[in-house]
Amino acid sequence: MLVMRVKALLRRVEMSQTTVPASKKARFADISLDDACHEVRVAGKVIDLTMTEYALLRCLLEASGSAVSRDTLLSKVWGIDAEVETRVTDETVRRVRRKLRNVGSTTAIKAVWGFGYKLEADS
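According to my numbering, the sequence shown is numbered sequentially starting from 273.
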(Lines of atoms letter the chains of each structure in order from A and count residues from 1; the text may use other names and numbers.)
(Lines give C-alpha, C1' and ligand atoms only; values in the text may rest on other atoms or scores of the structure.)
Protein backbone atom coordinates (compact mmCIF):
# COMPACT_ATOMS: atom_id res chain seq x y z
CA MET A 1 0.00 0.00 0.00
CA LEU A 2 2.82 2.39 0.87
CA VAL A 3 4.58 1.63 -2.41
CA MET A 4 1.41 2.51 -4.36
CA ARG A 5 1.13 5.84 -2.52
CA VAL A 6 4.75 6.72 -3.22
CA LYS A 7 4.30 5.83 -6.91
CA ALA A 8 1.18 8.02 -7.05
CA LEU A 9 3.06 10.96 -5.53
CA LEU A 10 5.93 10.53 -7.98
CA ARG A 11 3.45 10.40 -10.88
CA ARG A 12 1.87 13.67 -9.75
CA VAL A 13 5.27 15.34 -9.65
CA GLU A 14 6.05 14.02 -13.14
CA MET A 15 2.67 15.20 -14.47
CA SER A 16 3.17 18.70 -13.10
CA GLN A 17 6.69 18.95 -14.56
CA THR A 18 5.94 17.72 -18.07
CA THR A 19 5.27 20.18 -20.83
CA VAL A 20 2.52 19.46 -23.31
CA PRO A 21 2.68 20.49 -26.97
CA ALA A 22 0.36 23.42 -27.74
CA SER A 23 -1.30 21.65 -30.68
CA LYS A 24 -2.49 18.54 -28.80
CA LYS A 25 -6.28 18.51 -29.09
CA ALA A 26 -8.87 15.74 -29.11
CA ARG A 27 -12.55 15.68 -29.98
CA PHE A 28 -15.44 13.23 -29.73
CA ALA A 29 -19.07 14.21 -30.41
CA ASP A 30 -19.75 17.30 -28.26
CA ILE A 31 -16.56 16.99 -26.16
CA SER A 32 -13.36 18.81 -27.06
CA LEU A 33 -10.15 18.61 -25.08
CA ASP A 34 -7.16 20.95 -25.36
CA ASP A 35 -3.90 19.96 -23.66
CA ALA A 36 -2.34 23.39 -24.18
CA CYS A 37 -4.68 25.01 -21.66
CA HIS A 38 -5.80 21.80 -19.88
CA GLU A 39 -9.38 22.57 -20.82
CA VAL A 40 -12.40 20.40 -21.57
CA ARG A 41 -15.42 21.86 -23.31
CA VAL A 42 -18.80 20.26 -23.77
CA ALA A 43 -20.90 22.02 -26.39
CA GLY A 44 -18.86 25.17 -25.77
CA LYS A 45 -19.13 25.06 -21.95
CA VAL A 46 -15.92 24.60 -19.98
CA ILE A 47 -16.04 21.87 -17.34
CA ASP A 48 -13.61 21.54 -14.45
CA LEU A 49 -11.86 18.19 -14.15
CA THR A 50 -9.13 17.03 -11.83
CA MET A 51 -5.85 15.90 -13.42
CA THR A 52 -6.90 12.27 -13.01
CA GLU A 53 -10.35 12.84 -14.51
CA TYR A 54 -8.74 14.74 -17.38
CA ALA A 55 -6.26 11.91 -18.05
CA LEU A 56 -9.05 9.30 -18.00
CA LEU A 57 -11.19 11.31 -20.43
CA ARG A 58 -8.15 11.83 -22.68
CA CYS A 59 -7.56 8.05 -22.85
CA LEU A 60 -11.19 7.46 -23.78
CA LEU A 61 -11.14 10.25 -26.39
CA GLU A 62 -7.97 8.88 -27.97
CA ALA A 63 -9.72 5.54 -28.45
CA SER A 64 -12.34 7.28 -30.65
CA GLY A 65 -15.32 5.32 -29.40
CA SER A 66 -13.52 1.99 -29.10
CA ALA A 67 -13.45 0.17 -25.79
CA VAL A 68 -10.49 0.77 -23.48
CA SER A 69 -9.65 -1.97 -21.01
CA ARG A 70 -9.53 -1.35 -17.27
CA ASP A 71 -5.90 -2.52 -17.29
CA THR A 72 -5.00 0.08 -19.94
CA LEU A 73 -6.71 2.85 -17.97
CA LEU A 74 -4.99 1.81 -14.75
CA SER A 75 -1.65 1.82 -16.53
CA LYS A 76 -2.03 5.08 -18.49
CA VAL A 77 -3.88 7.16 -15.90
CA TRP A 78 -2.56 5.88 -12.58
CA GLY A 79 0.58 3.99 -13.59
CA ILE A 80 -0.67 0.94 -11.68
CA ASP A 81 0.25 -2.55 -12.84
CA ALA A 82 -2.77 -4.64 -13.83
CA GLU A 83 -2.16 -7.21 -11.09
CA VAL A 84 -3.53 -4.76 -8.51
CA GLU A 85 -7.30 -5.07 -7.94
CA THR A 86 -8.79 -1.64 -7.54
CA ARG A 87 -12.09 0.15 -8.09
CA VAL A 88 -10.46 3.55 -8.54
CA THR A 89 -11.34 3.46 -12.24
CA ASP A 90 -15.04 2.97 -11.52
CA GLU A 91 -15.13 5.86 -9.05
CA THR A 92 -13.34 8.23 -11.41
CA VAL A 93 -15.64 7.26 -14.30
CA ARG A 94 -18.63 7.92 -12.04
CA ARG A 95 -17.37 11.45 -11.28
CA VAL A 96 -16.67 12.24 -14.96
CA ARG A 97 -20.11 10.90 -15.97
CA ARG A 98 -21.77 13.18 -13.42
CA LYS A 99 -19.82 16.23 -14.62
CA LEU A 100 -20.69 15.50 -18.27
CA ARG A 101 -24.35 15.00 -17.37
CA ASN A 102 -24.42 18.27 -15.38
CA VAL A 103 -23.52 20.29 -18.48
CA GLY A 104 -25.93 18.40 -20.74
CA SER A 105 -23.44 16.37 -22.76
CA THR A 106 -24.82 14.04 -25.40
CA THR A 107 -21.80 11.76 -24.90
CA ALA A 108 -21.89 8.92 -22.38
CA ILE A 109 -19.19 6.74 -20.86
CA LYS A 110 -20.51 3.21 -21.27
CA ALA A 111 -19.25 0.17 -19.40
CA VAL A 112 -18.13 -2.76 -21.54
CA TRP A 113 -18.94 -5.65 -19.25
CA GLY A 114 -15.88 -7.60 -18.16
CA PHE A 115 -13.50 -5.35 -20.10
CA GLY A 116 -13.56 -1.60 -19.52
CA TYR A 117 -15.21 1.57 -20.84
CA LYS A 118 -15.90 3.43 -24.05
CA LEU A 119 -17.42 6.72 -25.19
CA GLU A 120 -20.72 6.70 -27.04
CA ALA A 121 -22.51 9.63 -28.60
CA ASP A 122 -26.26 9.61 -28.05
CA SER A 123 -28.19 9.91 -31.28
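Ideal Cβ positions, reconstructed from N, Cα and C, are used throughout, including at glycine.
{"Asked": "With DSSP as the reference, identify every bridge partner of Ala327, one or two as the case may be.", "Found": "For Ala327, which the question treats as bridged, DSSP gives no partner whatsoever."}
{"Asked": "Buried or exposed: Arg373, going by 16 or more other Cβ atoms within 10 Å of its Cβ?", "Found": "exposed"}
{"Asked": "Take Ile319 and list the residues in its own chain whose beta-carbon comes closer than 7 Å to its own, dropping the five residues that flank it on each side.", "Found": "Val312, Lys371 and Val375"}
{"Asked": "Determine the contact status of Lys390 and Ala339, defining contact as a CB-CB distance below 8 Å.", "Found": "yes"}
{"Asked": "Since Thr378 and Asp306 should fall inside the 8 Å C-beta cutoff, what is the C-beta to C-beta distance between them, to a whole number of angstroms?", "Found": "No, Thr378 and Asp306 are not in contact; Cβ-Cβ is about 19 Å, not under 8 Å."}
{"Asked": "Give every residue of the same chain whose Cβ lies closer than 8 Å to the Cβ of Ser329, excluding the five residues on either side of it in the sequence, and list them in chain order.", "Found": "Position check: residue 329 holds Leu in this sequence, whereas Ser was assumed. So the qualifying residues of the chain are Ile303, Leu305, Val312, Leu321 and Val368."}
{"Asked": "Using alpha carbons as the reference points, say which of Leu346, Glu392, Cys331 and Arg366 lies closest to Ala298.", "Found": "Cys331"}
{"Asked": "Sort Glu325, Cys309 and Lys279 by Cα distance to Glu363 and report the nearest one.", "Found": "Glu325"}
{"Asked": "Can you tell me which of the three DSSP states Arg370 falls into?", "Found": "helix"}
{"Asked": "Quick one, which of Arg283, Val275, Trp385 and Asp394 has its alpha-carbon nearest Met235's?", "Found": "The shown model of the chain, from 273 to 395, leaves out residue 235, and the question about it has no answer."}
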